[in-house]
Amino acid sequence: MIADIIENIQKGGTATVEDVHTLLSATGDDMEALFQAARDARDSRFGKDIFTYGFVYFSTYCKNNCTFCYYRRSNGQIDRYRKTVEEVVQLSGALQDAGINLADLTMGEDPRMYADDYKLLLETISSVRDDVGISIMASPGALPREMFPRIREAGADFYACYQETYNRGLFESLRLEQDFDARYGQKIWAREAGLLAEDGMMIGLGETRMDRADTILKMGATGAEQIRAMTFVPQEGTPMQDNTAWDSTEELKAIAIMRILFPDRLIPCSLDVEGIAGLKTRLYAGANVITSIVPPNKNLAGVAQHELDIENGNRSMENVFNMLEDLGYRRAKSSEYVRFLDSKRGV
Ligand code: SAM
Ligand code: MD0
Ligand code: SF4
2 MIADIIENIQ
12 KGGTATVEDV
22 HTLLSATGDD
32 MEALFQAARD
42 ARDSRFGKDI
52 FTYGFVYFST
62 YCKNNCTFCY
72 YRRSNGQIDR
82 YRKTVEEVVQ
92 LSGALQDAGI
102 NLADLTMGED
112 PRMYADDYKL
122 LLETISSVRD
132 DVGISIMASP
142 GALPREMFPR
152 IREAGADFYA
162 CYQETYNRGL
172 FESLRLEQDF
182 DARYGQKIWA
192 REAGLLAEDG
202 MMIGLGETRM
212 DRADTILKMG
222 ATGAEQIRAM
232 TFVPQEGTPM
242 QDNTAWDSTE
252 ELKAIAIMRI
262 LFPDRLIPCS
272 LDVEGIAGLK
282 TRLYAGANVI
292 TSIVPPNKNL
302 AGVAQHELDI
312 ENGNRSMENV
322 FNMLEDLGYR
332 RAKSSEYVRF
342 LDSKRGV
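For what it's worth, my numbering labels the leading residue of the sequence shown as 2, then goes sequentially.
Printed below as a string of structure tokens:
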């Protein structure tokens, strides 16, 4: 059954939500066959080349109150920081010099960054474009539609904003006081403005397997050039702190299914879920981008794992490059990444 569904997809057939549900239930040999099919799909499209993204979480202040997030406004017990434009330029320059392909400029929905008609946010992006020249992803939260041409003009290549789930009721219970349709629109409006888009789902938040199947298909249907799955990591000081932490099996299956359904998309292996220990399994499941590479000693945080493997250097450029090589992969050059982006933009 599972083998038939995989074969049908490999032959160019479409998959129903029931098919995806069946694939998500794979265990044992079936699951191994799913991972093998995903690696084959990735290798025939991308070879052994893996793209690398540095994570620059430049403001951890946030006006939102997402129930799953460590940085929600009600979490009063945490240290927050906001980097200056110069600091973000320096951090991005170091990523560029090390051969990292993209700087993911991420923030909480920080009112200071949005003030004066988004002055500081736009200035941060355009300074990295002008002074560094590395490819840029902007992950600043949900913005009004008219902002997308301005984000593009400032120099961003990618816009990331994750729906988390396409189950509206569940979305509303997680992203409190936020609008499902407006967040969905982010992906569409970004692409209208000439940006590439990233959508994402979280796993282990109370969704059903059918919700996951539906979310995978709907993320694909947005046309987003990058799509991701991340396992929810329960956070201290939040309403979900006592939730059971899941292992990564369901995430790995989601990665593999996205890969066989959408072979030409960028699909991350995020170091932000299990730290460096999560690298091998996600590449094995068909991921082709490593995200959340973070240099040590820069007072930078992650999101799902705000400190795991950062200060010990395990998420550093050097360590990730060495591990990639040991696993038999090759890190793509930034010129190759730019060529890939251009092909997606139809340049
Ligand atoms: N503030 C912006 C936003 O919400 O779109 C950008 C950064 S936000 C922290 C990036 C993503 O991290 C979220 O969309 C969510 O998918 C993920 N995330 C947040 N908390 C998480 C957690 N506890 N476990 C796993 N992923 C998490
Ligand atoms: C990651 N911690 O790639 C980052 C983050 C935001 N664009 C991405 C969730 O894992
Ligand atoms: Fe803020 Fe993003 Fe965290 Fe929600 S997920 S609380 S918007 S930083």
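Note that the Cβ used here is the ideal one computed from N, Cα and C, for glycine as well.
Beta-carbon to beta-carbon, GLY201 and ARG229 are separated by about 4 Å, close enough to satisfy the 8 Å threshold.
The three-state reading of DSSP puts ARG346 in helix, counting H, G and I together. When the five nearest sequence neighbours on each side are left out, the beta carbons in the same chain lying within less than 6 Å of the beta carbon of GLY142 are those of GLU110, in order along the chain. Counting the other Cβ atoms within 10 Å of the Cβ of LEU122 gives 16 or more, which makes it buried.
Within the DSSP bridge table, the entry for SER140 names THR107 as partners. Here PHE172 carries a helix assignment [DSSP, helix/strand/coil]. Inter-residue distance for ASN66 and LEU177 is about 6 Å (C-alpha atoms, whole angstroms).
Judged by DSSP in its simplified three-state form, ASP180 adopts coil rather than helix or strand.
Residues of the same chain with a CB within less than 7 Å of the CB of PHE322, apart from the 5 flanking positions on each side, are ARG332 in chain order. Listed as beta-bridge partners of GLY201 by DSSP are ARG229. Sorted by chain position, residues whose beta-carbon lies closer than 6 Å to a non-hydrogen atom of the ligand SF4 are CYS63, ASN65, CYS67, CYS70, TYR72, ARG73, GLY109, GLU110, GLY142.
When the alpha-carbon of LEU301 is set against those of VAL21, SER136, PHE56, ILE3, the nearest one is in PHE56. DSSP places TYR115 outside any beta strand (DSSP E); the residue lies instead in the alpha helix (DSSP H), whose first and last residues are 112-132. Excluding residues up to 5 positions away in sequence, MET211, ALA214, ASP215, LEU218 lie with their Cβ nearer than 8 Å to the Cβ of VAL18 in the same chain. If you ignore the 5 residues before and after VAL90, its C-beta comes within less than 8 Å of the C-beta of SER128, VAL129, ASP132, VAL133, all in its own chain and listed in chain order.
Assigned with DSSP and collapsed to three states, ASP20 falls in helix. For THR282, the enclosing alpha helix (DSSP H) stretches over residues 280-285.
For the segment 58-112, the full-length alpha helix (DSSP H) segments reaching 4 residues or more read 86-99 along the chain.
The closest CA to that of TYR119, considering only SER271, PHE341, PHE149, TYR330, is found on PHE149. In the three-state DSSP reduction, THR166 falls in the coil class, being neither helix nor strand. Taking the Cβ of SER293 as the reference point, at least one heavy atom of the ligand MD0 falls within a distance shorter than 8 Å. Bounds of the alpha helix (DSSP H) holding PRO150 are 148-155. Burial state of MET2 is exposed, judged by a 10 Å Cβ sphere holding fewer than 16 other Cβ atoms. Counting along the chain, the unbroken alpha helix (DSSP H) around ILE10 starts and ends at 3-11. The three-state secondary structure of VAL234, taken from DSSP, is coil. Considering only LYS334, LEU262, ASP180, LEU196, the residue with the shortest C-alpha distance to ALA157 is LEU196. For the ligand MD0, no non-hydrogen atom lies closer than 8 Å to the CB of ASP310. Straight-line measurement puts the Cα of ARG74 at about 19 Å from the Cα of ASP243.
Scanning its chain for C-beta atoms nearer than 6 Å, with the 5 sequence neighbours on each side dropped, one finds around ALA225 the residues LYS188, ALA198, GLU199, ASP200, in chain order. A straight line joining the alpha-carbon of LEU103 with that of GLU147 spans about 25 Å. Boundaries of the beta strand (DSSP E) harbouring VAL290: 290-294, taken from the DSSP string. Of MET231, ARG169, ILE101, the smallest CA-CA separation from MET138 is found for ILE101. For SER174, the shortest separation between its Cβ and any heavy atom of the ligand SAM does not lie below 8 Å.
In the DSSP assignment, PHE36 falls within the alpha helix (DSSP H) that extends over 29-47.
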